[in-house]
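Notes follow once the structure below has been shown.
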Amino acid sequence: MEDYFVQLKHITKTFPGIVANDDVSIDIKKGEIYALLGENGAGKSTLMSILFGLYEPDGGQIFIKGKEVSITSPLKANKLNIGMVHQHFKLVSDQTIAENIILGAEPMKKKWGFIKSIDIDRANKEVAELSKRYNLEVNPTDIIKDIPVSTRQRVEILKMLYRNAELLIFDEPTAVLAPQEINSLLEIIKSLRDNGKTIILITHKLDEIKQVADRCAILCKGKLIDILDVKKASTQQMANLMVGREIELEEVREEVKKGKVVLEVENLSYKDKDKVSKISDVSFKIYEGEVLSIAGVSGNGQVEIADAICNMIRATSGTIKLNGKSIDHMNIRERAEAGIAYIPEDRQNVGLILDFPLYENLILKEYFREPYCSKHGILNFNEFKKQSNELIENFDIRSGKGCETTVRSMSGGNQQKAIVAREIALNSSLIIFVQPTRGLDVGAIDNIHNKINELRKQGKAILLISLELDEIMALSDTILVLYSGKVQTIEDAKNLSKNQVGEYMMGVHNNA
Amino acid sequence: MNSIINDSMAFALPLFIIAIGGIYCEGSGVINLALEGLLGVGAFFGGLSFAMISTQLGTTTNSMIYLSLIFSMIGGGLFAILYALLAIRFKANQVISGVVINMLSVSLTAFLANQLNYSLFGQASNKFMLAVFPRVTVPFLNKVPVIGAFFNETYVFEYIIIAIALIMWFVLYKTPYGMSVRACGDNPQAVATAGRDVNKIRFSAVIISGIMAGIGGMCFAYSISTNFSPSIYVGYGYLAIAAYIFGNYKIGQTLLACLIFGFARTFGYLIVQALALPSTYSDLALTFPYIVTLVLLIFFSKNFTAPKGLGEVYEKSKR
Amino acid sequence: MLKKMNIFQRIFYAFCGEGKARKLRTSIFCILASMVFGGIILLLLGKNPIVAYKSLLQGAGILPKIKYPGRKNQLTDILNLLDYTTPMVFASLAVAVALKCGLFNICVSGTMIFTGILATTLVGYSNLDPFVARILVVIIGIVGGGLLGALIGWLKYRFNMNEVIVSIMLNYIINYIASFVINSRYADPISRESVEIGQNARLTLMNFEAMGLKMNISLLFPFAILVVFLIDFLMKRTKLGFELKSVGTSPLASKYAGMNVKRTMILSMVISGALAGLAGVAYYLGTYGSIQPRVLPALGFDAIAVALLGFITPIGCFFASILVMIFQCGTSYLSSRLGVLREIASLITSILLLFSACAVYFNQKADSYHNKFLMEDKSDE
């Protein structure tokens, strides 16, 4: 009989409208790295949230070390030595690392024999020891908001270790990291296993699984498809199972002739309201029919460049020219009119007004001009709907009640389609995409990638900002790598390997 | 000089204790515009208890005064439960429900004060008369220049408030509960994953703000008018909000802000007195603390950083 | 689905559940619920709530009274009701317009005093021709209120100030300064209020004699109806209205769409202020004719309840105004007939406000019933 740490049996969970987990059973051995593979929306995170006590399953049983348990809250999960490193870190930004780690399990001391208070010195010491033992370097007294993403992740791991977690669940831990940081995280995960911990790794990246995992369960649309021994399975095999159909890993790229310069950015700099420099001296050009990508670890100034071009933030210095004319003096609307379309990073809070119907969102950038609005400022909703229905048809936007649907009730993929449709309809010469595929399923990602390729063929200038290196490698003509707001390199995509880009992203590439 | 310091402190300290309640409440992520109403209901309960006991016994003693203080805490806390239900349980808009609570407080206390005066004491009045709060002089310390004034003929409640404030500071910064309160205002998810109940912590923080507002309101009733009447609603709750906004949600800095308001108020009256202006000018003096608040807000609002999760409704199912 | 619910759930669902005219039904639910609460209070006081509510309606002119004093009848009562309602319509619209743009204008009371004292001192005691004087008063209301609104909007945007605190501070500052002005120059020694303004500037025709009756006719009431429709059109059909709603729902997305968020916010405060200013002149130079020093008009705060009860729509505000004013106008008749305190009316209004603030929750709750019972229904089949 094998020594199982966790056994999930026939887990089923439904949300209104979807079955997130459909009769899923997996067993995880003590001391192994077990990967959960699947696309976005396959039900991996839901399954793990059930194990961590965030959701209650509609049916099925959970066994920990052979005993049946019901996990109704994260607190209970903690008591069963289960810890989870979430995709979105759950840290208190204005408290120290040590305070974050001890939250909920504070060491106490007594003053004068009766007044109990938190023993912050002991906490600092314990955290320092823990970080040494597991090789997770942090300074216990640093404030969370001052430390980089990779350190925050370490804090999350330490939080679990501090609670003596034996099973650690990692939810897409590499999504926010640069390639080199990914490697060191994977090393940490391996060393945790070697220290006797059991690991569950949720991911949709095959190479990571290849690198560290022992076994791998593949989920698709809520169902368990297969469980593979990673050493014996091929990458292609796993990929096919994950998507549920044959996929081509390689795509052929057509050559497109570059035309005139569309966007010219010179010495662009931006300091935020605390006078911290976010981008400094960035210069580049984008030509017609060119896709220029900005690669970089999250928070290194990529989004600020896009925002500065559209004037969502005001550049501190530098000039921006569109089609040969300076647009520095223009406001957001004037720039959009001059020919900038922008698909923003935060589609729900920036790109759309979720509580407005689809037809108002689809005309959000043109509502003020004829035929949508008369000279006297009276709106014509018939025109709104006419144009909307056309876009809905052309871009295959699916929604419950057609153009009357409230955008909030639409799926993420269709929300993004709506934004892309609106922005492409503006027929601008420059189109900026920021993280266009984040959180979308494979079908929707394909759709967006095809749109970008199509626009390139039409001779549009495209600025693509993405954290997904694979996406950048697949779509770009030119790659600009940004590190702490400074340009590390601008190079023809053909001359760069993924690894080189990774080194630039970390700011460690030797130019020699 | 002595009276300036005394008057200012007698105003600043109740304001301070109300603001501390606000820091707990907003620090946990719940907007609290209801302080004004909470302090009124607190004072109402205190005033009512005092009036009932003193009519019952026919005398007034100091212990009854302290008892009324406790009743005002209970009253403020109970009324705060109503606000917590609205803001947390019913997920109503926190700004609007805060103002709603204030209006309800005004009409409820006005109604009850009239009704109870009539049915309990057989009087047609909306006031509860109070006794004069005892004052003490600390020997030796009162001889120290400038600061000494604070130890000369001081209301006892000022010392009570300082003691409570110290305890509240300790709880907020040195105990697991306080740490969770502050964490709830920044990132409620962090608290939930640490195994604590966000909504319970917020609920308790709102109630604490009610208890603190109750004390503050009662002390205002004692120091300013020696009675409870609906004229207790003159915006001191809102001044307290302004105070902790200046104080950047920190207890120490908030005290400073309260002192500024206290002195502004005293100086307003002093100017009218010193210039020997007719009594109608006291209306102008009354505007002084509000104007100071506005001007300070103009200068400092840019730098304020409210708790990140302020006003954000926490729902379990949301990840 | 319905058979699974208990009687209370069924009633609740019928009012707040999915379906036609949901907002209206939810509002009616809030009204009835607060009346039940008020009824319980009345019972506790030993009064018959049905008689009480009936005399409320009688006092407001909705039902005929048993007897009338000379030269008064139900018509004069209704005209009185409309006269009292007029400022409330403007005030609730002021709250609604700001709320639509995501701003909470709690300075309606202060604005009312501001335009009230301005118009009283500038025009109220003059010998101008009635037509000119009245037009001037209305203009002062609109311009004065608009300027004050602009100030609040500007302070919010320029200095990142919380508009609620700014509004409250302004309320008190205006209140005390107005009281200073009244007490030092315009106080009536007997009433201790400001001296009553001349009939030439009064926006209500007082004791107008016709058909053998003495009536108080609000000249602004027709204008108020017009304004309701204007604001409704503005919000629903115009570019400005679209921008207001958009900024109110998502300032970030509105900025991204190229709207001038700052200008839109200030503009909404200007419109809101102008409406509040109109409420001020309608109140102090119409219904009352004089100003009580040191008292912020409760109407400015009640307007928040009215706007919420009217689901922040202009037409809704109009009907909610009439409803709430029925409560307030009927109170004196109620208190004289049943011997209860006048304060009961504002207490019931506050409870109504409490329920209105929870309207969104009621709808969510009804939806959750809907989901719960609907799902059970499906699994039964």
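Residue numbers (this note's numbering), protein chains in the order written: chain W, 1 to 512; chain E, 1001 to 1319; chain S, 2001 to 2381. Glycine residues also receive a C-beta, built at the ideal position from the N, C-alpha and C atoms.
Check	Outcome
Whole-angstrom distance between Leu2079(S) and Phe1133(E), CA atom to CA atom	52 Å
Residue-level contact to chain W via CB, Asp1186(E), 8 Å cutoff	yes
Touch test, the stretch 2217-2231 of chain S against the stretch 353-369 of chain W, Cβ-Cβ under 8 Å, three pairs minimum	no
Short CB-CB distance (under 8 Å) between Leu1202(E) and chain W	The residue asked about is misnamed: residue 1202(E) is Arg in this sequence, not Leu. It does not; no Cβ of chain W falls within 8 Å.
Distance between beta carbons of Met2169(S) and Ser1301(E), contact taken as under 8 Å	That belief does not hold up - the Cβ atoms of Ser1301(E) and Met2169(S) are roughly 12 Å apart, past 8 Å.
Proximal residues, the stretch 2255-2277 of chain S versus chain W, C-beta separation under 9 Å	Lys2255, Tyr2256, Ala2257, Gly2258, Met2259, Asn2260
Endpoints, alpha helix (DSSP H) assigned at Lys278(W)	Unbroken run through Lys278(W) is the beta strand (DSSP E), 277-287; no alpha helix (DSSP H).
Cross-chain neighbours of Ala1330(E) in chain W, by beta carbon under 7 Å	Missing from the structure shown is residue 1330(E); chain E here goes from 1001 to 1319 and no further.
Collapsed DSSP secondary structure at Gln61(W) in the structure displayed	strand
Alpha-carbon spacing of Gln7(W) relative to Ala42(W), whole angstroms	20 Å
Tyr372(W), DSSP secondary structure in three states	coil
Under 8 Å from the C-beta of Asp1007(E): neighbouring residues of chain S	Chain S residues near Asp1007(E): none, gap ~19 Å exceeds 8 Å.
Pairwise C-alpha distance: Ile1271(E) and Phe1150(E)	22 Å
Any C-beta of chain E under 8 Å from that of Met2161(S)	yes
Beta carbon of Ile1164(E) nearer than 8 Å to that of Ile1017(E)	yes
For Ser497(W) and Met1(W), the rounded distance between their alpha carbons	Residue placement at Met1(W) cannot be trusted, given a pLDDT of 47 that sits under 50; the coordinates are not used to answer.
Beta carbon of Val1171(E) nearer than 8 Å to that of Thr1154(E)	no
Residues of the stretch 1163-1188 of chain E with Cβ closer than 8 Å to any Cβ of chain W, in chain order	Phe1170, Lys1174, Thr1175, Pro1176, Met1179, Ser1180, Arg1182, Ala1183, Asp1186, Asn1187
Rounded C-alpha distance that separates Gly1098(E) from Leu1033(E)	5 Å
Segment contact, 8 Å Cβ cut-off, at least three pairs: the stretch 2271-2281 of chain S with the stretch 2134-2146 of chain S	yes
Contacting positions in the stretch 1288-1314 of chain E - beta carbon closer than 7 Å to chain S	Tyr1290, Ile1291, Thr1293, Leu1294, Leu1297, Ile1298, Ser1301, Lys1302
Nonlocal neighbours in the same chain, by C-beta distance under 7 Å from Tyr1233(E), ignoring five residues either side	Glu1036, Gly1040, Val1106
Nonlocal neighbours in the same chain, by C-beta distance under 6 Å from Leu249(W), ignoring five residues either side	For Leu249(W), the predicted structure reports a pLDDT of 47, less than 50, and the residue's modelled location is therefore unreliable. A value from the coordinates is still provided. Here the set comprises nothing.
Exposed unless 16 or more other CB atoms sit within 10 angstroms - verdict on Gly2019(S)	exposed
Between the CA atoms of Asn1199(E) and Cys1025(E) - distance to the nearest angstrom	12 Å
Gly2070(S) versus Leu2213(S) - alpha carbon distance	8 Å
Leu463(W): CB within 7 Å of a non-hydrogen atom of the ligand MG	As for the ligand MG, it is missing from this structure, which has no ligand bound.
Cutoff 6 Å; reference Ile1088(E); Cβ partners in own chain excluding five residues on either side	Asn1199, Arg1202, Phe1203
Leu2155(S) to Asn2371(S) span [Cα, whole Å]	45 Å
Arg333(W) at chain S interface by Cβ criterion, 8 Å	yes
Buried or exposed (CB count within 10 angstroms, at least 16 for buried), Leu2103(S)	buried
Contact check, Gly2330(S) vs Gly2059(S), beta carbons under 8 Å	yes
8 Å Cβ cut-off: residues of chain W touching Ala2253(S)	Asn349, Val350, Gly351, Leu352, Ile353, Leu364
Collapsed DSSP secondary structure at Thr1305(E) in the structure displayed	coil
Residues sharing a beta bridge with Ser293(W), DSSP	Leu464(W), Ile479(W)
Residue from Tyr287(W), Lys79(W), Ser283(W) with nearest C-alpha to Ser476(W)	Tyr287(W)
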